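These notes are about the structure you will find just below.
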Amino acid sequence: MQLVPALLPGLIQAIDHAIETNAEEVTALDQAIGDGDHVTNLQRGIKALMAQSDELATLDWAAAWQKIGMTLMTAVGGASGSLYGTLFVAMSKAARDRPLDLQAFAEIFTSGVGAVKQRGKADAGEKTMLDVLIPVAASLRQAAADSVALPVALENVTRTAIAGMESTRDMLATKGRASFLEERSRGHIDAGAKTSQLMICALVDVLAKHLTAPA
Ligand code: ADP
Ligand code: MG
Numbered sequence: 010m011q012l013v014p015a016l017l018p019g020l021i022q023a024i025d026h027a028i029e030t031n032a033e034e035v036t037a038l039d040q041a042i043g044d045g046d047h048v049t050n051l052q053r054g055i056k057a058l059m060a061q062s063d064e065l066a067t068l069d070w071a072a073a074w075q076k077i078g079m080t081l082m083t084a085v086g087g088a089s090g091s092l093y094g095t096l097f098v099a100m101s102k103a104a105r106d107r108p109l110d111l112q113a114f115a116e117i118f119t120s121g122v123g124a125v126k127q128r129g130k131a132d133a134g135e136k137t138m139l140d141v142l143i144p145v146a147a148s149l150r151q152a153a154a155d156s157v158a159l160p161v162a163l164e165n166v167t168r169t170a171i172a173g174m175e176s177t178r179d180m181l182a183t184k185g186r187a188s189f190l191e192e193r194s195r196g197h198i199d200a201g202a203k204t205s206q207l208m209i210c211a212l213v214d215v216l217a218k219h220l221t222a223p224a
């Protein structure tokens, strides 16, 4: 079983489907404590990636992540565009010249999330996408440290992403537009945490199916 960039068209399609299916729910979340544009911002980026997906499939991971990051930065807009762009560009920098196993991916993803923290001047507990990304990075590192089988690592990622998304409901927003609402930001899940969770769970589903598919 090999995780190669040829998987990217399928992964991007799965993300598109997950966001499309949940568009109304996420838009309602962003309308409650943001400005309601998060889904359309993200969908602009996803469509741009779909247009490039055949080319992305021919690259190595470092080059693919660099291109994905640059595309997201220009196409998405909003706070989330530069943050998702930063995630992939930083992953590309961390990826160079290494085979992609669980340990390497855990380190690469952790570097990407670290760059998002820096870029957004934010950390866990501030009611953002980082409340999904930070625990998912930790879950990947733990799985690598424990040498767990990949299917188990993927299940842990799904569980962690959902728990992280849910955890934002009762948080006070201290970054982004939702922070303007102060105490009134409590009681709503953060839209960016929700889309991060949806995208991560969609990726995991495709990878899990790929792992169990006959060679
Ligand atoms: P905008 O807030 O500019 O309209 P979006 O609606 O596309 O941009 O994205 C909003 C999401 O971006 C939020 O739900 C939150 O998860 C994330 N976000 C906003 N600011 C930050 C930040 N400083 N650090 C991390 N994530 C952030
Ligand atoms: Mg918005």
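Going by the working numbering, the final residue of the sequence shown carries number 224, and the count climbs one at a time with no gaps. Here a beta-carbon is modelled for each residue, glycine too, at the ideal position from N, C-alpha and C. The model shown is predicted, which means the values in this text are computed figures rather than measured ones.
Where V130 and L92 are concerned, what is the direct C-alpha to C-alpha distance, given to the nearest angstrom?
Here residue 130 is Lys; the residue named in the question, Val, does not match the sequence. Taking the straight line from one Cα to the other gives about 11 Å.
Assuming contact is defined by CB atoms lying nearer than 8 Å, are L51 and T80 in contact in what I supplied?
no
Whose C-beta lies closer than 6 Å to the C-beta of G86 among residues of the same chain, with five residues either side of it excluded?
Shown here for G86: same chain residues with a beta carbon closer than 6 Å to its own, the five before and five after excluded, namely N50 in chain order.
M208 to I24, Cα distance in whole Å?
5 Å
Below 8 Å, can you find three or more Cβ-Cβ pairs linking the stretch 130-140 to the stretch 103-116?
no
Looking at A202 and ligand 1, is the gap between the Cβ and the nearest heavy atom below 7 Å?
Yes.
Mind checking whether the beta-carbon of H197 lies closer than 7 Å to any heavy atom of ligand 3?
Within the structure as shown, ligand 3 is missing, the only ligands being ligand 1 and ligand 2.
If you measure from the CB of G173, is any heavy atom of ligand 2 nearer than 7 Å?
no
In whole angstroms, what is the alpha-carbon distance linking A225 and L163?
Residue 225 is absent from the structure shown; the chain starts at 10 and stops at 224.
DSSP three-state label for E135, please.
coil
In terms of residues, what are the limits of the alpha helix (DSSP H) holding M82?
70-84
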